[in-house]
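Q: Mind having a look at this structure? Questions to follow.
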Amino acid sequence: MSDHTLPRQERLRSLKAIRRLFGEGHSGFAYPVRYVYLLEEGVIVPSGDRSVQAMFSVPKKFHKRANRRNLHKRRMREAYRLGRDGICERLRQSGKHLQIAFIYSTKECHSYKTISNAVQRILEQVSKAV
Numbered sequence: 159m160s161d162h163t164l165p166r167q168e169r170l171r172s173l174k175a176i177r178r179l180f181g182e183g184h185s186g187f188a189y190p191v192r193y194v195y196l197l198e199e200g201v202i203v204p205s206g207d208r209s210v211q212a213m214f215s216v217p218k219k220f221h222k223r224a225n226r227r228n229l230h231k232r233r234m235r236e237a238y239r240l241g242r243d244g245i246c247e248r249l250r251q252s253g254k255h256l257q258i259a260f261i262y263s264t265k266e267c268h269s270y271k272t273i274s275n276a277v278q279r280i281l282e283q284v285s286k287a288v
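Each residue of the sequence shown is one higher than the last, beginning at 159 in our numbering.
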């Protein structure tokens with residue numbers, strides 16, 4: 159992908175899909191981000207040729223102020239958009255579809271660099287599972 163956008167088709171929005179992801183998915187942790195992913199093979203993707211759908215969440219339990227939650231979601235989205243090219247290519251070659259949720263799970267406010275490193279480690283770990 160040459161463009162680093164996150165179009166609507168690549169966002170995980172369906173409540174049914176989210177419930178399935180958290181019910182059947184595999185999880186892990188790369189400080190300060192927890193992740194849950196579900197790999198599917200031979201699935202007809204409703205969003206066209208997009209092989210990855212992602213969601214980003216910051217619990218209100220840890221960050222009461224909406225501006226803090228939005229800041230952390232924005233940082234996770236940015237790190238994901240810039241680092242997803244490798245995993246998208248592997249998924250396209252293998253014919254699999256990935257749904258992944260990134261959950262910011264600490265009370266501390268971390269820099270973009272820390273969050274970016276965590277997201278890159280997560281993408282590497284998931285890429286190994288493909």
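Heads up, the beta-carbon is just placed ideally off N, CA and C, and yes, glycines get one too.
Owing to the predicted nature of the structure, the values given are computational and were not obtained by experimental measurement.
1. Within the stretch 227-253, note down every full alpha helix (DSSP H) run reaching 4 residues or more, in order along the chain.
2. Going by C-alpha distance, which of Arg250, Val216 and Phe260 is nearest Gln278?
3. Taking the alpha helix (DSSP H) that Gly181 belongs to, which residues open and close that run?
4. Beta-carbon within less than 7 angstroms of Lys148's beta-carbon, same chain only, minus the 5 sequence neighbours each way: which residues are those?
5. The beta strand (DSSP E) spanning Ser215 covers which residue range?
6. If we ignore side chains and look at the alpha-carbon of each, how far apart do Thr272 and Pro190 end up?
7. According to DSSP, is Glu198 helix, strand or coil?
8. Which one of Arg248, Tyr238 and Lys265 has the shortest CA to CA distance from Leu197?
9. When you compare only the Cα positions, how much space is there between Ala276 and Leu240?
10. At the level of alpha carbons, what is the spacing between Ser252 and Leu179?
11. With DSSP as the reference, label Val191 as helix, strand or coil.
12. Could you check how far apart the C-beta atoms of Cys246 and Ser209 are, in whole angstroms? I think they sit under 8 angstroms.
13. Between Glu182 and the rest of its own chain, which residues show a CB-CB distance below 8 angstroms, the 5 nearest in sequence each way excluded?
A: Reading off the structure:
1. List check, alpha helix (DSSP H) in window: 243-252.
2. Here residue 278 refers to the residue found at position 120 of the sequence shown. When each option's Cα is compared against that of Gln278, the closest is Phe260.
3. By one-based count along the sequence shown, residue 181 stands at place 23. Residues Leu173 to Glu182.
4. Residue numbering for the chain in the displayed model covers 159 to 288; residue 148 lies beyond these limits and cannot be assessed.
5. Against the sequence shown, residue 215 aligns to sequence position 57. First-last of the beta strand (DSSP E) with Ser215: Val210 to Ser215.
6. Sequence index remark: in the sequence shown, residue 272 carries index 114 (1-based). Sequence index remark: in the sequence shown, residue 190 carries index 32 (1-based). Taking C-alpha positions only, Thr272 is separated from Pro190 by approximately 8 angstroms.
7. Taking the sequence shown and counting its residues from 1, the one referred to as residue 198 is at position 40. Three-state result, Glu198: strand.
8. Along the sequence shown, one-based indexing puts residue 197 at 39. Among Arg248, Tyr238 and Lys265, the Cα nearest to that of Leu197 belongs to Arg248.
9. If you number the sequence shown from 1, residue 276 lands on position 118. If you number the sequence shown from 1, residue 240 lands on position 82. Between the C-alpha atoms of Ala276 and Leu240 there is a straight-line separation of about 13 angstroms.
10. For the purposes of this step, residue 252 is taken as residue 94 along the sequence shown, with counting starting at 1. For the purposes of this step, residue 179 is taken as residue 21 along the sequence shown, with counting starting at 1. Their Cα atoms are separated by approximately 20 angstroms.
11. Your numbering for residue 191 matches position 33 in the sequence shown. In the three-state DSSP reduction, Val191 falls in the strand class (E or B).
12. Translated into positions along the sequence shown, residue 246 becomes position 88. Translated into positions along the sequence shown, residue 209 becomes position 51. Correct: roughly 6 angstroms between the Cβ atoms.
13. The residue given as residue 182 occupies position 24 in the sequence shown. The residues are Leu196.
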